[in-house]
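Sequences listed follow chains A and B, in order.
All you need for the numbering used here is the position in the first sequence, starting with 1, plus 3.
All you need for the numbering used here is the position in the second sequence, starting with 1, plus 3.
These notes concern the structure reproduced below.
Protein chains: 2
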Amino acid sequence: MTTVTPSRRERLRTATVAEIKQTARRLLVEGGASAISLRAIAREMGMTAPAIYRYFESLEALIAELCSDLYAEVSAALDAARQPIPADQPATRLRAMASEFRRWCINHRAEFALMFGEPVPGVPEVDEVCGQHVASGVVAFCEVFMVEFVTLWRQGKIKPPPDEVISDQLAEKLAPYLAELDTPELPIGVVYLFLSGWIRLYGMVAMEVFGHLSWALADVEPLFETDMAAYFHLITGEAPAIGPAV
Amino acid sequence: MTTVTPSRRERLRTATVAEIKQTARRLLVEGGASAISLRAIAREMGMTAPAIYRYFESLEALIAELCSDLYAEVSAALDAARQPIPADQPATRLRAMASEFRRWCINHRAEFALMFGEPVPGVPEVDEVCGQHVASGVVAFCEVFMVEFVTLWRQGKIKPPPDEVISDQLAEKLAPYLAELDTPELPIGVVYLFLSGWIRLYGMVAMEVFGHLSWALADVEPLFETDMAAYFHLITGEAPAIGPAV
DNA sequence: AAATTTGAGTTATCGTCGTTAACGTTCTCA
DNA sequence: TGAGAACGTTAACGACGATAACTCAAATTT
């Protein structure tokens, strides 16, 4: 243990920090990001607003930290979704994680908007911590998908698209990113398929959460399932073993 | 003409309304949606804030109207992008419109966030005006894509995906939407391809505009071009005539 | 042409917000 | 036991949306 005795004061402090963030979370859920205010938090906690400055540098910093926690939370949810599936079935794992991602985002719309919508100034951007893969929750969140995808590739299950589809410029621009990975031998076509899948997943979830699909669909789930199936058919050439999560 | 003499007062009024919206637009561009405030607008116009209430019911209503104008603006940009291309080449038209959509959104990031990000309370949602296809700018914006897509289908150029890929539930849920169209005979697989394409386009543009791709790519354009090419290859079976717009 | 109504703008005010400064109070530790 | 840090308070500043009451000029009506 690095901290033997958390020293009473430190215990109280961490408890207060937790209560502040938890109150902010509740305000976020109930009224959107703009409902998070220092005065509202303090009011609900039976305090006065300036007291919060003992714990956070500013409202912006508070929201940034809340956002980091949310990334960790969704990462944990994704990790939990893949655990019951054997590690040698990465396609099924990816499938379950995609469904869980959609489920989490739909059940946490305000959080999703904060994390994946218009970037809030102060919230750590992903590319700022591209070097160390664990420091930021965002990278960890991406890695969960990436690890399974690489496993799938190592199994030889991924059919990279024909070369003529891959633009030379794409290969050129992706090169520095490949160097970041611990698998630099990953073909450019496979990386393209990964990014393409992440974009399709994000696109569908974002449109659904933001209500931009309600004009066409009463329920997005069938389209989601169909599109995910089409994607896995595209990259593996076979239908994946599906079990619609939840 | 319905209005013979716009009656001096009305001319002044519309001019003031225009100036208010144009000032709001500038504030939006310079400082994001949160920078739009009645006081700031009034300050820049040499007025006092309450005067604006003579022209708009509230800040929310002002932003909603600004948003409608933006939908019309992007619709016009898309329309201008397809005009130089013959109407009997809908695939090329769609391709050009997709590129133009990305270009417009990248050059108008703050506007994009307002229109396609987290929905702002007060901004008219698309599904509220699903009946009349012209009333809302959003629908007109969607229609520009839809029209070309239907033309492409009428030419027999779209290969619908195999039936087993299309979920029965998808067909079920899309039925009411098909009835809305003037082409109810449109196969469910074709509608799926359209929505899938729109989602892929939105996903890529949204991630790029929001900066959620900068961790992987210094320049998103090659991936955009590649993915669009892959999409058109998927739905038509052949590579479209491309000319990377701008 | 005079009287009246309408429209557009003002000032004053209320309650909200983030943030800072100055001031107590309480707990911890040497 | 005393010094000092940590935690909390009140007071205040400037910015925000919104409303009410008021002034003034323009348009309309008589």
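Note that CB positions come from ideal geometry on N, CA and C, so glycine has one too.
Here the structure is a predicted model, which means the values were calculated and not measured.
query, result
"V123(B) and E175(B) closer than 9 Å at C-beta", "no"
"Neighbour list for I66(A) in chain B, Cβ cutoff strictly below 7 Å", "Those within 7 Å of I66(A) in chain B number zero; the least Cβ separation is about 13 Å."
"Beta carbon proximity, T229(B) to chain A, threshold 9 Å", "yes"
"S199(B), buried or exposed, once every other Cβ within 10 Å from all chains shown has been counted against 16", "buried"
"Sequence-distant residues of its chain with Cβ nearer than 7 Å to Y58(A) (five each side left out)", "T19, V20 and I23"
"Contacts of S199(B) in chain A (Cβ-Cβ under 7 Å)", "D230"
"With 16 other Cβ atoms within 10 Å as the buried cut-off, status of V1(B)", "Any question about residue 1(B) goes unanswered here, given that chain B covers just 4 to 249."
"Candidates P190(A), C145(A) and G125(A): closest to L65(A) by CA position", "G125(A)"
"Amino acids of chain B, ordered along the chain, whose beta-carbon sits closer than 7 Å to that of S170(A)", "P225, E228 and T229"
"C-alpha distance - R16(B) paired with G35(B), whole-angstrom precision", "27 Å"
"Anticipated Cβ contact below 8 Å, V212(B) with F104(B), distance rounded", "Actually they do not touch by this definition, with Cβ atoms about 11 Å apart."
"For G49(A), three-class secondary structure by DSSP", "coil"
"Environment of P93(A) [buried if 16+ CB atoms lie within 10 Å]", "buried"
"N-terminal and C-terminal residue of the alpha helix (DSSP H) that V193(B) is part of", "I191 to V212"
"Where E60(A) falls, given that 16 or more other Cβ within 10 Å makes a residue buried", "exposed"
"Endpoints, alpha helix (DSSP H) assigned at G34(A)", "R12 to G34"
"Span of the alpha helix (DSSP H), counted from its first residue to its last, around E224(B)", "E224 to T239"
"C-alpha distance - I169(A) paired with T229(B), whole-angstrom precision", "6 Å"
"Contacts around R12(A), its chain only, beta-carbon distance under 6 Å, and the 5 residues preceding and following it disregarded", "none"
"Boundaries of the alpha helix (DSSP H) in which R57(B) is found, first to last residue", "Unbroken run through R57(B): none, as it is neither H nor E."
"Spatially closest choice to I191(A) from V147(B), E121(B) and L220(B), by CA coordinates", "L220(B)"
"Environment of F235(A) [buried if 16+ CB atoms lie within 10 Å]", "buried"
"9 Å Cβ cutoff, A233(B) in contact with chain A", "yes"
"Collapsed DSSP secondary structure at E188(A) in the structure displayed", "coil"
"Supposed contact pair F119(A) and A209(A) - C-beta distance, whole angstroms, cut 8 Å", "6 Å"
"Classification of T95(A) by the beta-carbon crowding that lies within 10 angstroms, buried from 16 upward", "buried"
"Start-to-end residues for the alpha helix (DSSP H) that takes in V77(B)", "L62 to R85"
"Per-residue contacts from K176(B) into chain A (C-beta, under 7 Å)", "L220, A221, D222 and P225"
"Chain B contact residues for M210(A), given Cβ-Cβ distances below 7 Å", "I202 and Y205"
"C-beta neighbour in chain A for Y195(B), strict 9 Å", "yes"
"Partners in chain B for G120(A), counting only beta-carbon separations shorter than 8 Å", "A116, G120, E121 and F213"
"Cα-Cα separation between D222(A) and P9(A), rounded to whole angstroms", "49 Å"
"C-beta atoms of L204(A) and A101(A) nearer than 9 Å", "yes"
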